[in-house]
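Protein chains: 2
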Amino acid sequence: MSWNKVAVVGAGLIKMGELFEQSYEQMAAGAFSAALGSVDKGLDKSAIDAVIVATQRGSLWGQEGIGGNTVPSAIGLSGVACTRVENACPSGSDAFRIGAMVVASGVHDIVLVIGVEKMRDKSTQEGLLARAAAGHPLYNRGETAPVLFAPFATRHMHDFGTTPEMLASVAVKNHHNGCLDPYAHFQSEITVEQVLASPMVCSPLRLLDCCPQTDGAAAILLTSAERAHEFTDKPVYVAGFGVATDHPYLHEKTSFVGLPATTLASGRAYEMAGVGPRDLDMAEVHDCFTITEILDIEDLGFVEKGKGGPASLEGETALDGRIPVNPSGGLLAKGHPIGATGIAQLTECWWQLREEAGERQVAIRQGFALQHNVGGRGSGVSVVNILTRNP
Amino acid sequence: MSWNKVAVVGAGLIKMGELFEQSYEQMAAGAFSAALGSVDKGLDKSAIDAVIVATQRGSLWGQEGIGGNTVPSAIGLSGVACTRVENACPSGSDAFRIGAMVVASGVHDIVLVIGVEKMRDKSTQEGLLARAAAGHPLYNRGETAPVLFAPFATRHMHDFGTTPEMLASVAVKNHHNGCLDPYAHFQSEITVEQVLASPMVCSPLRLLDCCPQTDGAAAILLTSAERAHEFTDKPVYVAGFGVATDHPYLHEKTSFVGLPATTLASGRAYEMAGVGPRDLDMAEVHDCFTITEILDIEDLGFVEKGKGGPASLEGETALDGRIPVNPSGGLLAKGHPIGATGIAQLTECWWQLREEAGERQVAIRQGFALQHNVGGRGSGVSVVNILTRNP
Numbered sequence: 000m001s002w003n004k005v006a007v008v009g010a011g012l013i014k015m016g017e018l019f020e021q022s023y024e025q026m027a028a029g030a031f032s033a034a035l036g037s038v039d040k041g042l043d044k045s046a047i048d049a050v051i052v053a054t055q056r057g058s059l060w061g062q063e064g065i066g067g068n069t070v071p072s073a074i075g076l077s078g079v080a081c082t083r084v085e086n087a088c089p090s091g092s093d094a095f096r097i098g099a100m101v102v103a104s105g106v107h108d109i110v111l112v113i114g115v116e117k118m119r120d121k122s123t124q125e126g127l128l129a130r131a132a133a134g135h136p137l138y139n140r141g142e143t144a145p146v147l148f149a150p151f152a153t154r155h156m157h158d159f160g161t162t163p164e165m166l167a168s169v170a171v172k173n174h175h176n177g178c179l180d181p182y183a184h185f186q187s188e189i190t191v192e193q194v195l196a197s198p199m200v201c202s203p204l205r206l207l208d209c210c211p212q213t214d215g216a217a218a219i220l221l222t223s224a225e226r227a228h229e230f231t232d233k234p235v236y237v238a239g240f241g242v243a244t245d246h247p248y249l250h251e252k253t254s255f256v257g258l259p260a261t262t263l264a265s266g267r268a269y270e271m272a273g274v275g276p277r278d279l280d281m282a283e284v285h286d287c288f289t290i291t292e293i294l295d296i297e298d299l300g301f302v303e304k305g306k307g308g309p310a311s312l313e314g315e316t317a318l319d320g321r322i323p324v325n326p327s328g329g330l331l332a333k334g335h336p337i338g339a340t341g342i343a344q345l346t347e348c349w350w351q352l353r354e355e356a357g358e359r360q361v362a363i364r365q366g367f368a369l370q371h372n373v374g375g376r377g378s379g380v381s382v383v384n385i386l387t388r389n390p
Numbered sequence: 000m001s002w003n004k005v006a007v008v009g010a011g012l013i014k015m016g017e018l019f020e021q022s023y024e025q026m027a028a029g030a031f032s033a034a035l036g037s038v039d040k041g042l043d044k045s046a047i048d049a050v051i052v053a054t055q056r057g058s059l060w061g062q063e064g065i066g067g068n069t070v071p072s073a074i075g076l077s078g079v080a081c082t083r084v085e086n087a088c089p090s091g092s093d094a095f096r097i098g099a100m101v102v103a104s105g106v107h108d109i110v111l112v113i114g115v116e117k118m119r120d121k122s123t124q125e126g127l128l129a130r131a132a133a134g135h136p137l138y139n140r141g142e143t144a145p146v147l148f149a150p151f152a153t154r155h156m157h158d159f160g161t162t163p164e165m166l167a168s169v170a171v172k173n174h175h176n177g178c179l180d181p182y183a184h185f186q187s188e189i190t191v192e193q194v195l196a197s198p199m200v201c202s203p204l205r206l207l208d209c210c211p212q213t214d215g216a217a218a219i220l221l222t223s224a225e226r227a228h229e230f231t232d233k234p235v236y237v238a239g240f241g242v243a244t245d246h247p248y249l250h251e252k253t254s255f256v257g258l259p260a261t262t263l264a265s266g267r268a269y270e271m272a273g274v275g276p277r278d279l280d281m282a283e284v285h286d287c288f289t290i291t292e293i294l295d296i297e298d299l300g301f302v303e304k305g306k307g308g309p310a311s312l313e314g315e316t317a318l319d320g321r322i323p324v325n326p327s328g329g330l331l332a333k334g335h336p337i338g339a340t341g342i343a344q345l346t347e348c349w350w351q352l353r354e355e356a357g358e359r360q361v362a363i364r365q366g367f368a369l370q371h372n373v374g375g376r377g378s379g380v381s382v383v384n385i386l387t388r389n390p
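From first to last, the protein sequence lines stand for chains A and B.
Going by the numbering used here, the letters in the first sequence line up with residues 0 to 390, in that order.
Going by the numbering used here, the letters in the second sequence line up with residues 0 to 390, in that order.
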């Protein structure tokens with residue numbers, strides 16, 4: 000029933016954080032080395048015949064804007080076919096989807112999908128100023144990320160009685176999970192009280208409702224399902240994926256209690272994979288803010304619309320809950336190096352499905368994991384990938 | 000022998016130029032409308048299930064940096080799966096290659112590949128300053144495009160006796176062809192004397208050796224070869240393609256008389272298509288500077304290394320020559336709106352293969368056309384696509 004034409008045979012990332020001491024190319028090399036080293040039976044890097052690089056806006060933050068040109072040389076693959084994919088916050092997850100289709104097309108055999116993002120080398124002010132200069136000349140003034148998501152929290156509270164404690168419970172859970180993930184940017188427990196006492200950023204979102212700005216890189220190696228066993232006895236397959244767009248500006252929205260792109264993208268991914276939300280053992284979803292994870296788990300069909308807050312508070316999404324969400328620590332604790340984020344989430348799904356996630360391992364019963372990002376102006380694009388360990 | 004799994008069933012562009020009166024989204028809408036209108040038997044736009052947007056560096060020039068998010072809404076396709084591909088100057092040609100593989104993967108049926116670039120809304124100084132802030136902190140200082148290509152002209156002259164008149168003959172030919180192309184930015188004849196009297200930009204390259212900065216957009220509609228006849232009785236097929244990278248910085252080059260990425264990319268494309276340079280009826284190649292076209296026709300195998308200058312001077316690449324090159328006017332006269340360039344070149348190949356190119360129509364004998372871009376830091380990436388009208 001599933002697509003299962005393409006397999007993940009290697010995946011890895013570098014420790015997320017403020018990596019001032021590493022260049023864009025050094026981060027890429029670290030992630031590539033980790034992915035290559037994870038291939039059970041080994042993989043000669045000269046066999047890689049195509050690379051997809053995910054970087055959201057290198058040139059904005061003063062770094063390399065044409066990663067498709069500079070990454071291959073930096074990782075010892077000069078000459079290889081290489082393309083950069085950009086799709087706002089889902090850049091990494093969309094690069095993975097494109098990489099899977101490149102393999103499925105029969106043109107390339109072994110494809111490296113690598114995400115790299117430098118977020119900390121320029122000040123936030125410079126980053127925001129540069130961003131404000133881009134896009135629509137009027138509508139996107141002042142459109143920082145907290146400003147884009149806060150109205151969803153306000154309306155969700157109004158319509159469904161979602162509380163600040165429910166939002167905080169998402170942050171507490173993900174920071175707890177981050178403590179168990181050696182790759183997470185933040186690795187310390189926080190409490191609901193600490194979240195509620197943290198400085199207000201854009202009401203009702205407080206500092207600990209927000210993900211950090213993080214440098215990072217992650218990489219995945221794909222090949223056809225037929226060839227997977229040359230490289231590992233535990234391949235993970237691409238079961239399905241979906242991408243959807245939405246009108247990009249806030250004034251075009253008709254609802255502030257959900258993100259339609261996520262609903263549409265996940266519907267496409269579920270259909271392609273031949274599964275539904277009940278078939279999933281775990282998910283890595285886009286928690287750029289606590290409210291976003293609540294919207295996500297509703298829009299992805301894990302809980303009914305409006306029930307995301309109570310479900311989070313009651314532990315349904317905890318490591319031992321009904322549907323563990325963001326065992327890696329999520330964007331809130333693991334970090335959100337944009338181009339790398341989706342690929343790092345997929346690496347977590349790969350570890351979980353192979354039952355190699357150590358202390359944060361969740362129970363794998365049905366063999367399916369979901370990865371999700373949403374982003375862009377007005378959350379106008381969402382990507383969902385579904386992986387499976389079932390052949 | 001050819002790949003021929005994917006067909007072009009529609010293609011179109013907008014008049015290139017300084018389009019201050021059109022937004023990024025308006026340019027995209029114009030190109031989409033042209034491509035849709037070109038489908039012989041019509042195509043309901045709701046059948047398009049994926050879009051690939053090529054924009055090189057929107058945010059650099061103060062325009063939309065996340066085209067995968069804003070283009071679908073602007074062209075009436077909100078909701079559709081959409082991805083932005085960036086690969087320096089070959090962004091458009093690589094987006095086409097990715098689009099072809101998306102169709103070949105069996106995941107998407109009808110794919111729109113659309114290239115859009117705003118080059119003129121910001122001053123050159125602002126553009127260059129912004130560019131100088133990106134990439135390697137030392138090596139790329141002062142690396143404007145003429146600075147990157149001038150050493151190749153100097154060395155080509157030294158090694159092979161290439162003359163300024165030979166360079167000028169490329170500009171004269173392409174401006175002549177541009178006069179016959181209603182979509183070209185420049186539509187006036189120039190003479191060798193005018194080229195040689197134009198201001199020096201970076202010795203030995205003069206103003207008329209350089210392509211202009213141009214706003215533009217172009218779009219192509221792809222589907223599977225099996226479905227092509229639903230839309231047209233004159234489909235054009237994707238015979239093959241190739242991409243190659245090279246070390247990105249000038250100090251890493253081992254030769255200044257050719258661009259290895261082009262040789263490697265075209266070798267891959269020829270192999271995939273099962274053809275060679277002698278099978279081509281025409282080509283659209285990357286003439287960002289006159290010397291670049293001379294390098295291209297050597298690196299693509301149209302003439303021996305070192306013979307590109309005399310071949311250009313003697314008319315081998317003219318509309319009625321042995322191998323017509325850049326019948327559209329090329330980047331020198333038609334213009335170089337980066338993300339749109341490759342797709343506009345492919346549109347020209349499509350018109351030529353369908354024998355719909357009017358006064359600039361070349362003789363189609365063997366049914367193959369080649370499209371080429373090279374670019375990025377140190378010309379570190381090249382893309383070649385080969386189209387055919389032979390089923």
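Quick reminder that beta carbons are idealized off the backbone N, C-alpha and C, glycines included.
DSSP, read as helix, strand or coil, puts C178 of chain A in helix.
By the neighbour-count criterion, in which 16 or more other beta carbons inside 10 Å mark a residue as buried, P390 of chain A falls on the exposed side.
Interface flag for T244 of chain B against chain A is set, since a Cβ pair is found closer than 7 angstroms. DSSP, reduced to helix, strand and coil, places Q344 of chain A within a helical segment of the structure shown.
Within chain B, T244, D245 and H246 have C-beta atoms less than 7 angstroms from the C-beta of S77 of chain A, given in sequence order. A residue is called buried once 16 or more other Cβ atoms fall within 10 Å of its Cβ, and G257 of chain B is buried on that count. For S92 of chain B, the uninterrupted alpha helix (DSSP H) segment begins and ends at S90 to A103. I97 of chain B and I51 of chain B have their C-alpha atoms roughly 8 angstroms apart. S265 of chain A is outside the set of residues whose beta carbon lies under 7 angstroms from a beta carbon in chain B.
Contact check for G215 of chain A and I13 of chain A: beta-carbon distance about 6 angstroms, within the 8 angstroms limit, so the pair qualifies. With a beta-carbon spacing of about 5 angstroms, E116 of chain B and I337 of chain B fall inside the 8 angstroms limit used to define contacts. In the DSSP annotation of this structure, the continuous segment of the alpha helix (DSSP H) that includes I290 of chain A starts and ends at T289 to D298. From the listed residues B:F288, B:T69 and B:V101, the smallest Cα separation to E251 of chain A is found for B:T69. Put simply, the CB of P71 of chain A is near chain B, with a gap under 7 angstroms to one of its CB atoms.
The distance from the Cβ of E85 of chain B to that of Q55 of chain B is about 6 angstroms, consistent with a contact at the 8 angstroms cut-off.
Within the region 204-292 of chain A, the runs of beta strand (DSSP E) at least 3 residues long that lie entirely inside it are, in chain order, 215-223, 235-244 and 279-283. At least one C-beta of chain A is nearer than 7 angstroms to the C-beta of D93 of chain B.
Taking 4 residues as the minimum length, the alpha helix (DSSP H) runs contained wholly in the region 317-386 of chain B are 329-332 and 337-352, in order along the chain.
Under the three-pair Cβ rule at 8 angstroms, the region 330-344 of chain A counts as touching the region 284-291 of chain A.
Straight-line measurement puts the Cα of I296 of chain A at about 40 angstroms from the Cα of E225 of chain B. For A268 of chain B, the CB contacts under 8 angstroms within the same chain, skipping 5 residues up- and downstream, are G239, F240, G241, L369, V383, N384 and I385 in chain order. Rounded to whole angstroms, the gap between the alpha carbons of A167 of chain A and L330 of chain B is 55 angstroms. H184 of chain A places its beta carbon less than 7 angstroms from that of T213 of chain A. Contact between T222 of chain B and A6 of chain B holds, with the beta-carbon distance rounding to 6 angstroms and staying under 8 angstroms.
Within the region 184-197 of chain B, no residue has a Cβ lying closer than 8 angstroms to any Cβ of chain A. Here R154 of chain B carries a helix assignment [DSSP, helix/strand/coil]. Residue environment: T346 of chain A is assigned as buried (16 or more neighbouring CB atoms within 10 Å of its CB, all protein chains considered).
Taking 7 angstroms as the cut-off, the Cβ atoms of A218 of chain B and A30 of chain B count as close. Against I97 of chain A, the close residues of chain B are T82 and I97, in the order they occur along the chain (beta-carbon pairs closer than 7 angstroms). Taking the C-beta atoms as reference points, S77 of chain A is found nearer than 7 angstroms to H246 of chain B.
G16 of chain B carries a strand assignment under DSSP once its states are collapsed to helix, strand and coil. DSSP places T69 of chain A in the helix class (H, G or I) of the three-state scheme. Scanning its chain for C-beta atoms nearer than 8 angstroms, with the 5 sequence neighbours on each side dropped, one finds around P71 of chain B the residues V50, S77, G78, V79 and C81, in chain order. Boundaries of the beta strand (DSSP E) around E85 of chain B: A80 to E85. A49 of chain B sits in a strand when the DSSP states are folded into three classes. Counting only residues of its own chain and dropping the five nearest sequence neighbours on each side, S37 of chain B has a CB closer than 7 angstroms to the CB of G9, A10 and G11.
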